[in-house]
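**Student:** Numbering (the working numbering), first residue to last: 94 to 357.
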DNA sequence: GTGGGATGGGCAA
DNA sequence: TGCCCCTCCCACA
């Protein structure tokens, strides 16, 4: 489900509902055996970096959640809804509840493990004070295709397959252009675009990356084919030039681009 | 109803 | 590079 923007949204919402409160925690499907260690403890804060979440119950008691491909949260007001599906984790207070299913990781980190996670992640465009220089430097040194570098969480944290495709389209960059052949101003403008687009990207729990002016029906719920310029639009005409969007495998993930708008 | 693919990443080899 | 994790959605029948 998530790219970095949704992770940050979850962090804010979950902090608003649960931070500063003593919470109940359980794991109905027993897939998170350490639920007992958190039960009846106070949640102090919720942190997000890239696609990682940290629920801070204590210095060495941080619940790390990575949603991966399938993971998802649901939230609501009490009472708890009936148990449904593979329910990995529930957190609740007298007023709010939270459910987690399908996550790649849901485990307790101590301070050292959380720090070493942060140390191997690149700068996160969604952190207002993050410094992109190390990411630019890495990209500028490498022959690796820019499409692969954007997905590398140790280079830049939080961008997934959708934003990769859409940021490259907006930058006019072919995904296979080597990192070292991307001019600095283009890297900088991609970083700026990521900071601008990602926070406003969620509409009806979907990532939307097109500008309203490019969507034929701006007032209604956008049709699936209107919410991205290139992502999952292979074989369809580019909104800008009409050329058919292409797709290909890049290091195990599908990348999409307009062969005429995006130059290698 | 069914089957393939998907916004991710760790790990073995 | 390919497999696993293990869930949801959509195209297609």
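Yeah, the Cβ is synthetic: ideal placement off N, Cα and C, and Gly gets one too.
Within the same chain, show all residues whose beta-carbon is closer than 7 Å to that of residue 241, passing over the 5 residues directly before and after it, in chain order.
**Tutor:** What you label residue 241 is simply residue 148 of the first chain in a count that begins at 1. Once the five neighbours on either side are set aside, the close Cβ partners of residue 241 are 343 and 344.
**Student:** Quick check on this structure: which residue in 149, 195 and 143 has the alpha carbon closest to the alpha carbon of residue 163?
**Tutor:** Within the first chain, residue 163 is the residue found at index 70, counting from 1. Out of 149, 195 and 143, 195 has the C-alpha closest to the C-alpha of residue 163.
**Student:** Verify whether the separation of the beta carbon atoms of residue 106 and residue 133 is less than 9 Å.
**Tutor:** The residue you call residue 106 lines up with position 13 of the first chain. The residue you call residue 133 lines up with position 40 of the first chain. Contact flag unset, no.
**Student:** Nearest to residue 331 by CA position, among 231, 355, 129 and 110, is which residue?
**Tutor:** For the purposes of this step, residue 331 is taken as the residue at position 238 of the first chain. Comparing Cα positions, the closest option is 355.
**Student:** Got a sec, what are the start and stop residues for the beta strand (DSSP E) residue 141 sits in?
**Tutor:** One-based indexing of the first chain puts residue 141 at position 48. From DSSP, the beta strand (DSSP E) with residue 141 extends over 138-142.
**Student:** Can you grab the Cα-Cα spacing for the pair residue 239 / residue 174, in whole Å?
**Tutor:** Here residue 239 refers to the residue found at position 146 when the first chain is read from its first residue. Here residue 174 refers to the residue found at position 81 when the first chain is read from its first residue. Each residue's Cα considered, the two are about 44 Å apart.
**Student:** To the nearest angstrom, how far is it from the Cα of residue 117 to the Cα of residue 328?
**Tutor:** The residue you call residue 117 lines up with position 24 of the first chain. The residue you call residue 328 lines up with position 235 of the first chain. In a straight line, the C-alpha of residue 117 is about 49 Å away from that of residue 328.
**Student:** Could you name the residues of the same chain whose beta carbon sits closer than 7 Å to that of residue 159, not counting the 5 residues immediately before and after it, in chain order?
**Tutor:** Taking the first chain and counting its residues from 1, one reaches residue 159 at position 66. These residues qualify, in order along the chain: 144, 145, 196, 197 and 198.
**Student:** What is the C-beta distance between residue 224 and residue 251, in whole angstroms, given that I count them as a contact (C-beta under 8 Å)?
**Tutor:** Position 131 of the first chain, counted from the start, is the residue given in the question as residue 224. Position 158 of the first chain, counted from the start, is the residue given in the question as residue 251. With 8 Å as the limit, residue 224 and residue 251 do not qualify as a contact, their Cβ atoms being about 15 Å apart.
**Student:** Measuring straight from C-alpha to C-alpha, what distance separates residue 306 and residue 338?
**Tutor:** Within the first chain, the letter at position 213 stands for residue 306. Within the first chain, the letter at position 245 stands for residue 338. Taking the straight line from one Cα to the other gives about 20 Å.
**Student:** Kindly identify the DSSP beta-bridge partner or partners of residue 184.
**Tutor:** Here residue 184 refers to the residue found at position 91 when the first chain is read from its first residue. According to DSSP, which records beta bridges pairwise, residue 184 is partnered with 118 and 191.
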